[in-house]
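Chemist: Start counting the sequence shown at 1; every next residue gets the next number (the UniProt record's numbering).
Structure provided below as structure tokens; questions to follow.
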Amino acid sequence: MLDYNHRPSIAERINAAVDASLEAERAATPPRDYLGASRLGQPCERALQFEFAHAPKDEGQEFSGRSLRIFAIGHALEDLAVKWLRAAGLDLATRKRDGGQFGFSVAGGRIRGHVDGIVMGAPAAIGLRTPCLWECKTMNAKNWRACVKDGVAASKPVYAAQIALYQAYMEATVPGISASPALFTAINKDTAELHNELVPFDADLAQRMSDRGVRILRATDAGELLPRMARNRDFFECRFCPFSTRCWSLPT
Ligand code: SF4
1 MLDYNHRPSI
11 AERINAAVDA
21 SLEAERAATP
31 PRDYLGASRL
41 GQPCERALQF
51 EFAHAPKDEG
61 QEFSGRSLRI
71 FAIGHALEDL
81 AVKWLRAAGL
91 DLATRKRDGG
101 QFGFSVAGGR
111 IRGHVDGIVM
121 GAPAAIGLRT
131 PCLWECKTMN
141 AKNWRACVKD
151 GVAASKPVYA
161 AQIALYQAYM
171 EATVPGISAS
181 PALFTAINKD
191 TAELHNELVP
201 FDADLAQRMS
211 DRGVRILRAT
221 DAGELLPRMA
231 RNRDFFECRF
241 CPFSTRCWSL
251 PT
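Have a look at this one:
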């Protein structure tokens, strides 16, 4: 007897099971109860406020299993970058002596950041001033090429904001860290090419991002909604925002 009903293939069955397990793991992870300093450079303060307040994302906007796999691959590649830089002779610390991650906590613990690493020393031939902050990101080929061409500050301002804030806030734990440019490593996920760039401390940017964090906390405490970044929902950022329906259904 003929059976034209589609039966999931082995690939579909396994992929669905993998994604279901990742999504379940994510759902069981308690949400952050703080504002992540790595997010403060995002262009819209209202979107950051929604995130901080744990406003539900629009339907279909939760991270898919595939997105979660992309994040996990990024983390695994960052671990590889640590190995590669150490093999090149950099004294790269990613953990404190007690095993904890380097990071900071300010505003009564309501703004926090976790640091990829701190370069404590490097061979003279490399010419790196230390101690310096190390930040690593993975990118697709298009974004990586833009980063190489224009630099991280122009091509990925959100990462530049993160670096500036981390340099500022890590100064209390690692004196002198903001006097040395940060080392930014970008891995091309498509070609395995590496980009390494020095990022001088931008105190003005760090101050603006810190002020932004305080503004978000204060507005949330006062029950006030921060303004939209755009006048209509066709704006580029709004089209990709996971809170777009929520945001534009509000009167202001
Ligand atoms: S929809 Fe646009 S204005 Fe509203 S929170 Fe998202 S990015 Fe901001």
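For each residue, glycine too, the CB sits at the ideal point set by N, CA and C.
Everything numeric in this text was worked out from a predicted model, so none of it was measured.
Can you check the segment 54-134 for any alpha helix (DSSP H) of at least 4 residues that lies completely inside it and give the ranges in chain order?
Modeler: Listed in chain order, the complete alpha helix (DSSP H) runs (minimum 4 residues) inside the segment 54-134 are 65-87.
Chemist: In angstroms, rounded to a whole number, what distance separates the CA positions of arginine 95 and leucine 225?
Modeler: Looking up residue 95 in the sequence shown gives position 95. Looking up residue 225 in the sequence shown gives position 225. Spanning the two alpha carbons is a distance of roughly 38 Å.
Chemist: Evaluate asparagine 232 with the Cβ neighbour count: other Cβ atoms within 10 Å of its Cβ, from every protein chain shown; 16 or more gives buried, anything less gives exposed.
Modeler: Here residue 232 is taken as the residue at index 232 of the sequence shown, counted from 1. Flag for asparagine 232 reads exposed.
Chemist: I'd like to know if the segment 36-54 and the segment 76-90 are in contact, where contact means that at least 3 CB-CB pairs between them fall below 8 Å.
Modeler: Not touching, per the Cβ criterion.
Chemist: Of the choices Leu68, Pro131, Glu78 and Ala107, whose alpha-carbon is the least far from that of leucine 194?
Modeler: Taking the sequence shown and counting its residues from 1, the one referred to as residue 194 is at position 194. Of Leu68, Pro131, Glu78 and Ala107, the residue nearest in Cα terms is Glu78.
Chemist: Check for me: the beta strand (DSSP E) holding valine 199 runs from which residue to which?
Modeler: Position 199 of the sequence shown, counting from 1, holds the residue named residue 199. Residues 194-199.
Chemist: Beta-carbon within less than 6 Å of alanine 146's beta-carbon, same chain only, minus the 5 sequence neighbours each way: which residues are those?
Modeler: As a first step, residue 146 is located in the sequence shown; it is residue number 146 there, counting from the start. Excluding positions up to five away in sequence, the list reads Ser155.
Chemist: Do the segment 5-19 and the segment 50-59 meet, that is, are 3 or more Cβ pairs less than 8 Å apart?
Modeler: These segments do not touch.
Chemist: Taking 8 Å as the threshold, find out whether the segment 136-153 comes into contact with the segment 99-113 through three or more Cβ pairs.
Modeler: Taking 8 Å as the limit for Cβ pairs, the verdict is that the segment 99-113 does not touch the segment 136-153.
Chemist: What is the rounded straight-line gap between the Cα of serine 21 and the Cα of proline 31?
Modeler: By one-based count along the sequence shown, residue 21 stands at place 21. By one-based count along the sequence shown, residue 31 stands at place 31. Roughly 18 Å between the two C-alpha positions.
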